[in-house]
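Colleague: This is the structure I have questions about; it appears just below.
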């Protein structure tokens, strides 16, 4: 991947993660679930503090991308959050899926950008 394109993607994704991670603590943008199933699911995540863990991972990943440190590692960790976000929006709130699609697309592009750092992990 072109290094300048990768730099732009890294910075945009870092800002995206930082914003939405901090939003989970400070509610810059308030998201109101559309269905009772979505409300129940999100309440369960709040009670178990899972959303706080997700927010911390997003904030750490955003800062790491902006500082260009540990990006390859955090993209692997963040992939589970990306997949879960897409699954949540696909099954419980399809009308608000745009953000999770952006998240997973950025995540896949960043994984591709860091592909050389995964060669040892993927050796048979």
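In the numbering used here, the protein residues as written are 7 to 130.
Even for Gly, the Cβ is constructed at its ideal location relative to N, Cα and C.
(1) Tell me where the alpha helix (DSSP H) around residue 126 begins and ends.
(2) Output yes or no for whether 7 Å exceeds the beta carbon distance between residue 117 and residue 15.
(3) Check whether the Cβ atoms of residue 22 and residue 61 sit closer than 7 Å, and answer yes or no.
(4) What's the call for residue 71, buried or exposed, on a 16-neighbour Cβ count within 10 Å?
(5) So with Cβ pairs under 7 Å, would you call residue 63 a contact of chain C?
(6) To which residues of the same chain is residue 69 closer than 8 Å at the C-beta, ignoring the five residues directly before and after it?
(7) Between which two residues does the alpha helix (DSSP H) carrying residue 120 extend?
(8) Give the C-beta separation of residue 43 and residue 98 to the nearest angstrom, bearing in mind that I take them to be a contact with Cβ-Cβ under 8 Å.
(9) For the alpha helix (DSSP H) containing residue 7, name the first residue and the last one.
(10) What residue does the alpha helix (DSSP H) around residue 86 start on, and which one ends it?
Modeller: On the basis of the data shown:
(1) From DSSP, residue 126 is part of no alpha helix (DSSP H); its letter is neither H nor E.
(2) The answer is no: Cβ separation not under 7 Å.
(3) When the beta-carbon positions are compared, residue 22 and residue 61 stay at least 7 Å from each other.
(4) Buried, because 16 or more other Cβ atoms sit within 10 Å of the Cβ of residue 71.
(5) Protein chains in the displayed structure number just one, and chain C is not present.
(6) Contacts found: 20, 24.
(7) Looking at the DSSP string, residue 120 is not in any alpha helix (DSSP H), and its letter there is neither H nor E.
(8) Correct: roughly 5 Å between the Cβ atoms.
(9) In the DSSP assignment, residue 7 falls outside any alpha helix (DSSP H), carrying neither H nor E.
(10) Where residue 86 is concerned, the enclosing alpha helix (DSSP H) stretches over 77–97.
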